[in-house]
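Following: one structure in structure tokens, then a few remarks.
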Amino acid sequence: MIVEKKEASLAAAFACRDVSEGGLVITSLGDRGAFKAYNDETDDPTMKIQIKDRIVSIDGKKGTSIELLRMLENAEGTFQIRIIRCAPDGFVGDNTANRWCYYD
Numbered sequence: 348m349i350v351e352k353k354e355a356s357l358a359a360a361f362a363c364r365d366v367s368e369g370g371l372v373i374t375s376l377g378d379r380g381a382f383k384a385y386n387d388e389t390d391d392p393t394m395k396i397q398i399k400d401r402i403v404s405i406d407g408k409k410g411t412s413i414e415l416l417r418m419l420e421n422a423e424g425t426f427q428i429r430i431i432r433c434a435p436d437g438f439v440g441d442n443t444a445n446r447w448c449y450y451d
């Protein structure tokens, strides 16, 4: 997902209580900011950023939740985020044992 940060703030909230590399969990998208703008411009509902999505990399760089948050805060202009999302209940796919889907 390619996001453009035009404002000083992302206007989103994140859960970064741990220092694991399990990703940075989005807890709120806010009513303005880069993620809201991305969602407004995206027609495909599966490609919209959602609450409970986990950001696992920014411009190809991985890190702990705290490191990812710092990368987002310092990001300028256009950057790419990679998100992992748990498939909804009832999901039927090629590998039903793996309910995680990646979004670039």
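Each residue of the sequence shown is one higher than the last, beginning at 348 in this note's numbering. For each residue, glycine too, the CB sits at the ideal point set by N, CA and C.
query                                                                                              : result
Residues near A422 in its chain [Cβ-Cβ closer than 6 Å; skip 5 each side]                          : K352
6 Å CB neighbourhood of R432 in its chain, flanking five on each side removed                      : D400 and C448
Bridge partners - Y385, DSSP secondary structure assignment                                        : For Y385, which the question treats as bridged, DSSP gives no partner whatsoever.
Contact between the segment 385 to 396 and the segment 410 to 421 (3+ Cβ pairs under 8 Å)          : no
V403 versus P392: straight-line alpha-carbon distance, rounded                                     : 20 Å
Secondary structure, beta strand (DSSP E): runs of 3+ residues fully inside the segment 387 to 412 : 401 to 405
Span of the beta strand (DSSP E), counted from its first residue to its last, around L376          : Looking at the DSSP string, L376 is not in any beta strand (DSSP E), and its letter there is neither H nor E.
Boundaries of the beta strand (DSSP E) in which E351 is found, first to last residue               : I349 to K352
Inter-residue Cα distance where the pair is G380 and K409                                          : 23 Å
Expected contact under 8 Å - CB spacing of I398 and T374 to nearest Å                              : 6 Å
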